[in-house]
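First up is the structure itself, then whatever we jot down about it.
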Amino acid sequence: MFEFVSDVLNLKQMDSAEQGRQPLSSAGAGVTPISRVLPDVANESEPHIGGALDRVGMSGVELVLRLRDAAGEVFRTPARADAAVSLDNERVKGIHMSRLFLSLNNRLADAELSMSVVNEILQDFVKTHADMSSNSYLTLKYEHSMKRPALLSDHSGWRAYPVTIQSAYQQGQFRHQLTVQLTYSSACPCSAALSRQLIQQAFERSFGDRSELSHDEIFEWLGTPDAILAVPHSQRSHADVTVELEEGVDEFPIETLIDYLERVIATPVQTAVKREDEQEFARLNGANLMFCEDAARKLKAALDSYEGVKDFRVEINHLESLHPHDASAVASGSRSV
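In the numbering used here, the protein residues as written are 5 to 341.
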């Protein structure tokens, strides 16, 4: 076990007294008393080069968030935070990092994550640095767990959605941005058209010399390998969606936003999958062929009318199965976020 320095000094003083000697800190012993005031370089010295700074703080702070799911159950999840304030006073050497940490730790220890709690933390940052800072910033990153039902069967499973909350308190106003990442399947329209052509050619080879075919013959042929001799390529894809919330919004719409965007994209990846679910997933991919441009436009159109959103940015990445590189697209609202 390591002993604190103060504990060691106290023990030495007790031993000295028991042996009839003056303790180290006794007056008149010719020994200078040990100072209990710890040095504070940030407060007691000035910077060699002065100047205001936009943000000073900590990044990657480990913490735990308390969240409530759609069923009303409270759960905890690990997270990381970036916390900062502006350094407006040019003659101040440094901010008080510990005050940022303690505000985060104290506010989030027992309270559920909410916009009001985030606002209180941002105000704490400024209040504890009132002599040097006027703006504050907080970013929270974590994975939001949601239970997802299978497409057709009675099964379900958990998905973890990367979430980033970026908040700021500037000139007495709060600003909040919410980023969620969706993972979905994208089947290539070009590949689908080329596959259909090959199937047509196979049909022509099989029946080109016949002018009439029965329903049963066509039905039987469609179930042979020749009828699916080409398959459109599809790939796992990501949509990183950032929305800036209107001033009147008082909660982070994390789950409602994810649900809405997954309905729009139509082919989110699945958890539990039985054969009927996989067949339905194949149908959905066939009914929602998309380039990265198509995905970006679908989400852009959906967010243009989404209530409570002031602005947005959508970044699409299709992790190509045809190429060793990805296909990407970006769409924004009226002004960039």
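Ideal Cβ positions, reconstructed from N, Cα and C, are used throughout, including at glycine.
_Alpha-carbon spacing of residue 161 relative to residue 201, whole angstroms_ = C-alpha separation (whole angstroms): 38 Å.
*Taking Cβ positions, are residue 289 and residue 189 nearer each other than 7 Å?*
In contact: residue 289 and residue 189 (Cβ atoms closer than 7 Å).
*Going straight from the alpha carbon of residue 272 to that of residue 280, what length do you get?*
The straight-line gap from Cα to Cα measures roughly 16 Å.
*Out of curiosity, what's the CA-to-CA distance linking residue 139 and residue 61?*
CA-to-CA, the gap between residue 139 and residue 61 works out to about 12 Å.
*Beta-carbon spacing of residue 239, residue 293 below 7 Å*: Taking 7 Å as the Cβ cut-off, residue 239 and residue 293 do not qualify as a contacting pair.
*Which residue or residues does DSSP assign as beta-bridge partners of residue 315?*
248.
*Report yes if the CB atom of residue 195 is closer than 7 Å to the CB atom of residue 133, and no otherwise.*
Cβ atoms of residue 195 and residue 133: not closer than 7 Å.
*Could you say which of 50, 225, 298, 308 lies nearest to residue 333 if we only look at CA atoms?*
Nearest C-alpha to residue 333: 298.
*Ends of the alpha helix (DSSP H) at residue 300?*
Run containing residue 300: 296-308, per the alpha helix (DSSP H) assignment.
*With burial defined as no fewer than 16 other Cβ atoms inside 10 Å of the residue's Cβ, what is the status of residue 320: buried or exposed?*
If you draw a 10 Å sphere on the C-beta of residue 320, you find 16 or more other C-beta atoms in it, and that means buried.
*Confirm, please, whether the CB-CB distance from residue 318 to residue 245 is below 7 Å.*
It is a contact, given that the beta carbons lie within the stated cut-off.
*State the beta-bridge partners of residue 88 as determined by DSSP.*
Note: residue 88 is bridge-paired with 61, 141 in the DSSP secondary-structure output.
*asked:* Tell me which residue opens and which closes the beta strand (DSSP E) that residue 180 is part of.
replied: Residue 180 -> beta strand (DSSP E) spans 177-191.
*Less than 7 Å separating the beta-carbons of residue 119 and residue 256?*
Yes, these two residues count as a Cβ contact at 7 Å.
*Would the stretch 151-160 and the stretch 170-182 be scored as touching if the rule is three or more Cβ pairs under 8 Å?*
Not touching, per the Cβ criterion.
*Within this structure, are the beta carbons of residue 104 and residue 180 separated by less than 7 Å?*
No, the pair does not count as a contact, with Cβ atoms beyond the cut-off.
*DSSP-derived helix/strand/coil call for residue 290*: Note: residue 290 maps to helix in three-state DSSP.
*What residues match up with residue 264 in a beta bridge as DSSP calls it?*
DSSP, once it has assigned bridges, lists no residue as partnering residue 264.
_Proximity to residue 197 [Cα-Cα], best of 329, 214, 234, 282_ = 234 is the residue among 329, 214, 234, 282 whose C-alpha sits nearest the C-alpha of residue 197.
_Beta-carbon proximity check, residue 70 vs residue 116, cutoff 7 Å_ = Yes, they are a contact pair.
_Host alpha helix (DSSP H) of residue 127 (start-end)_ = From DSSP, the alpha helix (DSSP H) with residue 127 extends over 119-131.
*Can you tell me the Cα-Cα spacing of residue 121 and residue 327, whole angstroms?*
Approximately 46 Å, taken between the alpha carbons.
_DSSP beta-bridge partners of residue 150_ = Answer by DSSP bridge pairing, in chain order: 163.
*How would you write the range of the alpha helix (DSSP H) that residue 332 sits in, first residue to last?*
Run containing residue 332: none in the alpha helix (DSSP H); it sits in the beta strand (DSSP E), 331-336.
*Within the same chain, show all residues whose beta-carbon is closer than 6 Å to that of residue 143, passing over the 5 residues directly before and after it, in chain order.*
Non-local C-beta neighbours of residue 143 in its own chain, meaning closer than 6 Å and more than five positions away in sequence, comprise 86, 170, ordered along the chain.
*Taking Cβ to Cβ, would you say residue 84 is nearer than 7 Å to residue 131?*
Contact: no.
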